[in-house]
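Heads up: the structure comes next, in structure tokens.
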Amino acid sequence: MGKICVVGLGYIGLPTATVFAGAGYDVVGVDINEEVIALLEKGQIMIEEVGLLEEVRKVVKSGKLRASLTPEEADVFIIAVPTPINHDQTANLDYVVAATSSILPYLQKGNIVVIESTIPPRTVEDVVAPIIKAFGVDPVQDIHLVHCPERVLPGRILHEMRSNPRIVGGYTKEASEKAADVYRRVVTGEVVETEATIAEMAKLMENTYRDVNIALANELVKISSKLHINAYEVIRLANKHPRVHLHSPGPGVGGHCLAVDPYFIVEKAPEEAKLISQAREVNSSMPSFVIEQIVRLTASLFRAKIAVLGLTYKENIDDVRESPSLQVIQLLQQYKEYDVYPHDPHVQQGKVNVPLYSLEEALTQADLVVVLVEHHEFEHIQGEQLLKSMNRPVVLDCKNCVKIADERIKVYRLGDAILQKGLD
Ligand SMILES: NC(=O)c1ccc[n+]([C@@H]2O[C@H](COP(=O)([O-])OP(=O)(O)OC[C@H]3O[C@@H](n4cnc5c(N)ncnc54)[C@H](O)[C@@H]3O)[C@@H](O)[C@H]2O)c1
Numbered sequence: 055m056g057k058i059c060v061v062g063l064g065y066i067g068l069p070t071a072t073v074f075a076g077a078g079y080d081v082v083g084v085d086i087n088e089e090v091i092a093l094l095e096k097g098q099i100m101i102e103e104v105g106l107l108e109e110v111r112k113v114v115k116s117g118k119l120r121a122s123l124t125p126e127e128a129d130v131f132i133i134a135v136p137t138p139i140n141h142d143q144t145a146n147l148d149y150v151v152a153a154t155s156s157i158l159p160y161l162q163k164g165n166i167v168v169i170e171s172t173i174p175p176r177t178v179e180d181v182v183a184p185i186i187k188a189f190g191v192d193p194v195q196d197i198h199l200v201h202c203p204e205r206v207l208p209g210r211i212l213h214e215m216r217s218n219p220r221i222v223g224g225y226t227k228e229a230s231e232k233a234a235d236v237y238r239r240v241v242t243g244e245v246v247e248t249e250a251t252i253a254e255m256a257k258l259m260e261n262t263y264r265d266v267n268i269a270l271a272n273e274l275v276k277i278s279s280k281l282h283i284n285a286y287e288v289i290r291l292a293n294k295h296p297r298v299h300l301h302s303p304g305p306g307v308g309g310h311c312l313a314v315d316p317y318f319i320v321e322k323a324p325e326e327a328k329l330i331s332q333a334r335e336v337n338s339s340m341p342s343f344v345i346e347q348i349v350r351l352t353a354s355l356f357r358a359k360i361a362v363l364g365l366t367y368k369e370n371i372d373d374v375r376e377s378p379s380l381q382v383i384q385l386l387q388q389y390k391e392y393d394v395y396p397h398d399p400h401v402q403q404g405k406v407n408v409p410l411y412s413l414e415e416a417l418t419q420a421d422l423v424v425v426l427v428e429h430h431e432f433e434h435i436q437g438e439q440l441l442k443s444m445n446r447p448v449v450l451d452c453k454n455c456v457k458i459a460d461e462r463i464k465v466y467r468l469g470d471a472i473l474q475k476g477l478d
């Protein structure tokens, strides 16, 4: 075993540090956020992820995982800092540049440096390697530099981190071999060696594939709306074809992967990436489409109270980054005639800048419930509860997840022909 320095202790870095520490490595986890470090020193964490707190406690207690505000000498450096998007939809590489710069004074010959952050194609080649070279360390001769992207599913991060196949893209062939061996110590899935640029592009295309397919489903909803066709029934029947898998429509695409990564490709080849760009546009337009349905469902009301259920970008997690729900709420608030009551059992008030309410507060006297996220809590909402609390028992289910079969409650779904044909 050896020593690993993980830079960036968020949704990816902290589980990564924990998994390596659990496998017997001495791990120092580094973050610039003092709160993250102070909590980790006590075996506590800031993020919600299934099983993570228990595993963190164990490795902190055993001394295998330590927390620090500054990097230290190690055998392997793993950089897992954010790569958000700038206003002009280009990748913001400031964190990657800062994190890479922060490890430079600690680099020794033979070290492995892994960029796990998602990055635009050619970033290792054109950005990271030159930073290392400028410091006087040769990224070919002195160290082993690789890109090893993550593809875990929030909610299953620890499991997938250990079992998913991994792509290890080296700046040199030797670098991919050396780094792949490290990952093979903790990963049961296949660890594939390739070049850095191929690994960068493969990661981006994984998320782009999903974004484009969701856009196709969302476009189907819009087309079906115009033609008065039930989109869900179309999807159900088309998917009976053995080689067709239409995705599920929804109120948009969020998270800092699917809603961001395709832009990293568009940025590098805008003329060529036309379909990718269009798919982004379709998915980004969905919050407005939801608003159109809300307006129709409340047309007869004066100052409607709207309970908005679900703020995260996907179900059963606490992550609100790039969440379409926040856009829906923002758009609703621009309509001065709505009283908007957001509720999310997974999100703490400090994480969002809209006021949050309990389910009871949100439902009481509401004229419409809009379900934007498929949290398991919302699948089990009882008709009786809505009848008891709401002013008018009407639901707009944007994720096709509400299971209420009570004729006294009107449940409309985003791709429903009923909703499109007109309301009774
Ligand atoms: N979250 C996911 O599900 C997921 C999946 C695949 C890939 N990724 C990619 O992994 C990368 C990290 O994402 P995340 O979700 O873990 O981000 P995050 O925001 O949850 O965590 C990043 C952490 O890095 C810290 N940080 C920022 N700059 C630093 C620096 N210079 N030195 C030390 N710490 C620093 C921040 O304080 C934060 O705690 C991104 O590139 C993301 O696109 C994320």
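Numbering-wise (this note's numbering), the sequence shown opens with residue 55 and increments by one.
We treat Cβ as the ideally placed atom computed from N, Cα and C, and that holds for glycine.
In this text, all values refer to a predicted model and were calculated from it rather than measured experimentally.
Residue i, DSSP secondary structure in three states
i	result
E102	coil
P69	helix
V81	strand
P136	coil
K328	helix
E260	helix
V113	helix
V307	coil
H299	coil
R467	strand
R216	helix
T226	coil
D451	strand
D148	helix
D235	helix
K163	coil
E126	coil
E247	strand
R120	strand
H429	coil
Proximity test, residue i beta-carbon vs ligand 1 heavy atom, cut-off 6 Å
i	result
E376	no
S171	yes
A153	yes
P69	no
L63	yes
E391	no
E88	no
P136	yes
I371	no
V84	yes
C452	no
Y263	no
I546	Given a span of 55 to 478 for the chain in the structure shown, any question on residue 546 remains unanswerable.
P208	yes
C59	no
I133	no
C311	yes
I66	yes
Y237	no
Y160	no
Cα-Cα separation, residue i to residue j
i	j	result
A121	S156	16 Å
N284	C455	16 Å
R467	V425	9 Å
H299	A269	13 Å
V427	I330	24 Å
A183	P193	6 Å
E228	E214	26 Å
K232	V246	12 Å
S339	V178	33 Å
G286	H295	Note on identity: in this sequence residue 286 is Tyr, with Gly being the wrong assignment. In a straight line, the C-alpha of Y286 is about 15 Å away from that of H295.
H429	S116	35 Å
A416	P396	7 Å
R264	G309	13 Å
F189	E321	28 Å
I277	K118	55 Å
E95	Y79	17 Å
V423	I360	6 Å
S354	V61	54 Å
A256	G469	32 Å
L312	P203	14 Å
Assumed close pair residue i, residue j - CB separation to whole angstroms, cut-off 8 Å
i	j	result
T262	P316	4 Å
D129	I166	7 Å
G64	I99	Incorrect: roughly 10 Å between the Cβ atoms, too far for contact.
L123	E89	With 8 Å as the limit, L123 and E89 do not qualify as a contact, their Cβ atoms being about 11 Å apart.
G209	V104	6 Å
Exercise for the section: Please confirm if the region 267–275 is in contact with the region 293–308, defined as three or more CB-CB distances below 8 Å between the two stretches. Expected result: yes
Practice task
Could you tell me whether the region 132–139 touches the region 166–175, where touching means 3 or more Cβ pairs closer than 8 Å?
Solution key: Segments in contact, yes.
Practice task
Could you tell me whether the region 382–394 touches the region 335–351, using the rule of 3 or more Cβ pairs below 8 Å?
Solution key: Proximity of the region 382–394 to the region 335–351 meets the contact definition, three or more beta-carbon pairs being nearer than 8 Å.
Exercise for the section: Take every Cβ of the region 403–412, pair it with every Cβ of the region 365–375, and state whether three or more of those distances are shorter than 8 Å. Expected result: yes
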